[in-house]
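In what follows, a single structure is set out as structure tokens and then discussed.
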Amino acid sequence: MKRTRFAAIAMIAIMALTLGALSSCGGQPKMTDTVTVWCWDPNFNLYAMKEAVAVYQKANPGVKVEIVDMAQDIEAKIISGLQAGGAGLPDIALFQDFRIEQFLSDYPDAFVDLKAEGVDYSQFAPYKVGPMTVGGKVYGIPFDTGSTGLWLRTDYMKEAGIDPDAYLGKNLTWSEVIALGEKIKAKTGKPLLAYQSDNFDMLRIVVQSTGGQFFKDDGSLNLRSEAFKKSLALFKELNDKGLLYQVVGWSDWINAINSDTSAGFLNAIWMVGSVKSRPENAGKYMVLPTPLIEGVPGAANASNNGGSSWYVFSSSKNKARAVDLLKSVWATATPDNLEFYNKILKDAGAMGTFLPSQSSSNYKAGDDFFYKGQALSKDFASWMANVPVLKYTPNYVPMRDAVAHATLNYFQGKLATIDEAIAAAETEYKQVTGK
Amino acid sequence: MKQKASFQRYLNRFGWFCVLPSVILFGVFMLYPILSSLYYVTRRWKGMSNTFIGLGNFIRMAQDKVFLSALGNNFLFMVVQIPLMVFLALVLAVILNQGIRRWKGAFRLAIFLPAVTSLVVVSVLFRVLLQENGMLNNVLLKAHLITQPIGWLNDAAWAKVTIILAMTWRWTGYNMVFFLVGLQSIDPQIYEAAEVDGASKTRQFFTITIPLLIPVILFSVVTSTSGTMQLFDEPNILTWQGGPANATMTTALYIYRQAFFINADFGYATAMSYVVVLISGIFAFAQMRLLGDRGNS
């Protein structure tokens, strides 16, 4: 009996305590409003948003922003949330430019029209605004550029008896690059380019530099173009001449670059962070303009890979605040904001596409980490202006996968000719999309 | 009499009250999804909009080579990996049960550990080991067992081998535990009698151990079959999204990609799930029929 009573008292005490704790929690008046952001890559996107928030909080000290690193399957989580009418979604999310059209077409009412909220899009690089525009509405705040270049190890060039200075800053054609690669390979044994064999990015860079498109204006597949065939032929040549160091998987590709396996790679400005993460790379790399494919009209020594933008969900309970955060920091040219863009460029290699920011100091400064203190940002920014615009359409991902699969099978000889590879890609695309 | 009836009614009501939470949960999380899937399956889904297409999803499936080859991969993994794993698990269980006297616990733990390790973590390590210039190839080259590096992740056929090895690595220990328990329930006198009759260890294994373990083997095979039909993690992470070029694509992964990655087409994904469930059911039924009768006798 006694024990029961003790137990009862203990129960009541625990309940009282819990209730007290709960009420003290709920009783607190809501002074702060919290904005939640989903993105990925702590050293790049997450870092940039954190810096933006710091600027924003100077003027709005009460606002709390929670930035969540969604490394795995961010799109799958967002699709689940959208399918559930917005349940569990953050206020702001980062989308890759090539992914957003799929979401805008599948979930037309899910995002806030930021043009209606007064964002001035003439201040952003036009190629970034295109994919986020539907009808008269514009849905995102453009973030970084994926302006590309050919990254070369000058120490291996010297080892092969080639003077890097003769190439520094030069626009090359692919045949010149192949000749260079063969020389380096013969002397040092290093393949010219680290290549992720299950990935589409490098092919995309080459095709985009030719001004070629993967889709026609009506949204149907456009792989039978001269530009695409020439790009695929070039890849095959690189592969057959042993100029590609092949790895499977993204992290392994980064690993390959940072373990002296190749004499270079072809990718975008956002690789600065990964290259700088290894101190031994200091002074070794130089970056040349994206090589040109000869004989394709409209080709340029410039291309793009990657790049993302920020979006606000219509389901957000804190919509006004979320819009204000993006608009007043990312899209307004105040000295503080320009300094913010200037800082993330230096620290993370995150080059914004907000045009007023491109006159800041770090856009012009030389970078001692690179060969002869190359003014990397200035070069990438100047190439960015020449990037031919690529149309993504909502079906970019199935196209990307189908082409990557066909390319791999072509490399391994399972598909004998370019025409067969193209036909295989078309078939897979058709079957996966059900069109 | 009357009072007793009302008490019965009270008990009845009380009983219903008690199971109510689980009935509600079952209804919301099991019954409702199953019923609503009947609606989904007849539609072509695209984000928020959908259109009725009747049996269109099934017609599309029959023509979708990615789905069909994914199904083929499921069968291949099933036919090759399950017998391999079950046999290995059996042998290991017998060795642990009889052959080893010391460090038994440590060995048992070491063999079971892969089953409770996160594959996401392990696959990062595996991928480094399995690259063309990775450690495994280097070791094999140095030992002159191969002359060309093997494309464990890059070659269509070898990637399938990689998946089978990874699955075996992960699940052998798990199944071995069931066999260990089963072995302990076999009367040691049977082995003693066999010993007296002069039967070798191998003979004992095949004519005593295996027949007496048939119910456990059946359990292991049935659960492994449904596990293989749902194979997802290994091809998604280890060979990266069913790569190279869909060579290790499985139905579960393709369903996921159709729904949450490529198309947001929940109708097509649901229709494919129906087919997979049906096939799994047929397999389970067939296995019970084939092995079950012998197990009961």
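So the protein sequences, as listed, match chains Y and S. Taking our numbering, the leading residue of the first sequence gets 47, the next gets one more, and so forth. Taking our numbering, the leading residue of the second sequence gets 27, the next gets one more, and so forth. Heads up, the beta-carbon is just placed ideally off N, CA and C, and yes, glycines get one too.
Just tell me which of the options has its CA closest to the CA of residue i.
i: Y/Ser354; options: Y/Ala139, Y/Val114, Y/Tyr102 and Y/Glu112; result: Y/Ala139
i: Y/Lys389; options: Y/Pro88, Y/Ala98 and Y/Thr80; result: Y/Ala98
i: Y/Asp286; options: Y/Gly459, Y/Gln420, Y/Ala470 and Y/Val111; result: Y/Gly459
i: S/Val154; options: S/Gln230, S/Thr274, S/Val302 and S/Asn180; result: S/Asn180
i: Y/Pro136; options: Y/Ala471, Y/Pro172, Y/Tyr331 and Y/Lys365; result: Y/Lys365
i: Y/Tyr39; options: Y/Asp87, Y/Pro88 and Y/Ala94; result: No information on residue 39 of chain Y is available, as it lies outside the stretch 47 to 481 that chain Y covers here.
i: Y/Ala171; options: Y/Val433, Y/Ser360 and Y/Ala411; result: Y/Val433
i: Y/Ala431; options: Y/Gly192, Y/Leu196, Y/Met116 and Y/Asp166; result: Y/Gly192
i: Y/Ser168; options: Y/Thr219, Y/Lys363, Y/Pro402 and Y/Val333; result: Y/Pro402
i: S/Met275; options: S/Gly41, S/Gln256, S/Leu118 and S/Gly293; result: S/Gln256
i: Y/Ala328; options: Y/Glu385, Y/Arg199 and Y/Lys110; result: Y/Arg199
i: Y/Ala156; options: S/Gly73, S/Val120, S/Gly53 and S/Tyr66; result: S/Gly73
i: S/Phe84; options: S/Ala96, S/Arg70 and S/Ile50; result: S/Arg70
i: Y/Gln242; options: Y/Asn304, Y/Leu290 and Y/Ala279; result: Y/Leu290
i: Y/Phe359; options: Y/Asn351, Y/Gly352 and Y/Ala368; result: Y/Ala368
For a cutoff of 9 Å on Cβ pairs, would you count residue i as touching chain Y?
i: S/Gly73; result: yes
i: S/Phe292; result: yes
i: S/Ala295; result: no
i: S/Asp90; result: yes
i: S/Gln267; result: yes
i: S/Gln215; result: no
i: S/Asn159; result: yes
i: S/Val301; result: no
i: S/Val242; result: no
i: S/Val67; result: no
i: S/Val148; result: no
Is residue i close to chain S? Criterion is C-beta to C-beta, closer than 9 Å.
i: Y/Glu474; result: yes
i: Y/Ala411; result: no
i: Y/Asp87; result: no
i: Y/Val478; result: yes
i: Y/Tyr167; result: no
i: Y/Gln142; result: no
i: Y/Ala469; result: no
i: Y/Asn313; result: no
i: Y/Asn408; result: no
i: Y/Pro154; result: yes
i: Y/Phe359; result: no
i: Y/Lys76; result: Any reading at Y/Lys76 must be qualified, since the residue scores a pLDDT of 45, below 50, and its modelled position is unreliable; the value itself is stated next. No, Y/Lys76 lies away from the interface with chain S (no Cβ there is under 9 Å from its Cβ).
i: Y/Cys71; result: Residue confidence is low: Y/Cys71 scores 42 on pLDDT, short of 50, so the model does not pin down where it sits. No coordinate-derived value is stated.
i: Y/Phe149; result: yes
Give me the Cβ distance between residue i and residue j, rounded to the nearest whole Å; I'm assuming they're in contact under 8 Å.
i: S/Val92; j: S/Tyr280; result: 6 Å
i: Y/Ile113; j: Y/Cys85; result: 7 Å
i: Y/Val180; j: Y/Pro188; result: Not a contact, Cβ separation roughly 15 Å.
i: Y/Gly310; j: Y/Leu196; result: 7 Å
i: Y/Lys476; j: Y/Phe261; result: About 14 Å; that fails the 8 Å criterion.
i: S/Gly208; j: S/Val242; result: 4 Å
i: S/Ala273; j: S/Ala192; result: Their Cβ separation, rounded to whole angstroms, is 14 Å, which puts S/Ala273 and S/Ala192 out of contact at 8 Å.
Taking the beta strand (DSSP E) that residue i belongs to, which residues open and close that run?
i: S/Ala96; result: S/Ala96 -> not in any beta strand (DSSP E); alpha helix (DSSP H) instead, spanning Lys91 to Val120.
i: S/Leu209; result: Element bounds for S/Leu209: not the beta strand (DSSP E) but the alpha helix (DSSP H), Ala182 to Gln210.
i: Y/Trp197; result: Thr194 to Arg199
i: Y/Tyr241; result: Leu239 to Gln242
i: Y/Gln142; result: Ile138 to Gln142
i: Y/Glu112; result: Lys110 to Asp115
i: Y/Val81; result: Thr80 to Cys85
i: S/Lys72; result: Arg69 to Lys72
How far does the alpha helix (DSSP H) with residue i in it reach, from first residue to last?
i: Y/Tyr331; result: Here Y/Tyr331 belongs to no alpha helix (DSSP H); instead the beta strand (DSSP E) covers Tyr331 to Pro335.
i: Y/Asp286; result: Glu272 to Asp286
i: S/Ile240; result: Ile240 to Met255
i: Y/Thr453; result: Tyr442 to Phe457
i: S/Asn76; result: Unbroken run through S/Asn76 is the beta strand (DSSP E), Ser75 to Phe78; no alpha helix (DSSP H).
i: Y/Gly227; result: Trp220 to Thr234
i: Y/Ala314; result: Looking at the DSSP string, Y/Ala314 is not in any alpha helix (DSSP H); the run it does join, the beta strand (DSSP E), is Gly310 to Ala314.
i: Y/Gln292; result: Where Y/Gln292 is concerned, there is no enclosing alpha helix (DSSP H), although the beta strand (DSSP E) it sits in stretches over Leu290 to Val293.
Below 8 Å on C-beta distance, what does residue i contact in chain A?
i: S/Val154; result: Annotation note: the requested chain A is absent from the structure, which comprises protein chains Y and S.
Under 8 Å: does the beta carbon of residue i sit that close to some heavy atom of the ligand HEM?
i: Y/Val318; result: Among the components of this structure there are no ligands whatsoever, and the ligand HEM is therefore not found.
Looking at chain Y, which residues of the segment 270-290 of chain S have a Cβ within less than 7 Å of any of its Cβ atoms?
Cβ proximity to chain Y below 7 Å picks out Pro270, Ala271, Asn272, Phe286, Phe287, Ile288, Asn289 and Ala290 from the segment 270-290 of chain S.
Mind listing which residues of the segment 285-299 of chain Y have their C-beta closer than 8 Å to chain S's C-betas, in chain order?
Gln292, Val293, Val294, Gly295, Ser297 and Asp298
Relative to chain Y, which residues along the segment 169-190 of chain S have a C-beta separation below 8 Å, given in chain order?
Leu179, Asn180, Asp181 and Ala182
Closer than 7 Å, Cβ to Cβ, to anything on chain S: give me those residues from the segment 106-125 of chain Y, in chain order.
Glu121, Ala122 and Ile125
Between the segment 236-260 of chain Y and chain S, which residues of the former have CB atoms less than 8 Å from a CB of the latter, in chain order?
Ser243 and Asp244
Residues of the segment 416-450 of chain Y with Cβ closer than 8 Å to any Cβ of chain S, in chain order
Val443, Pro444, Asp447 and Ala450
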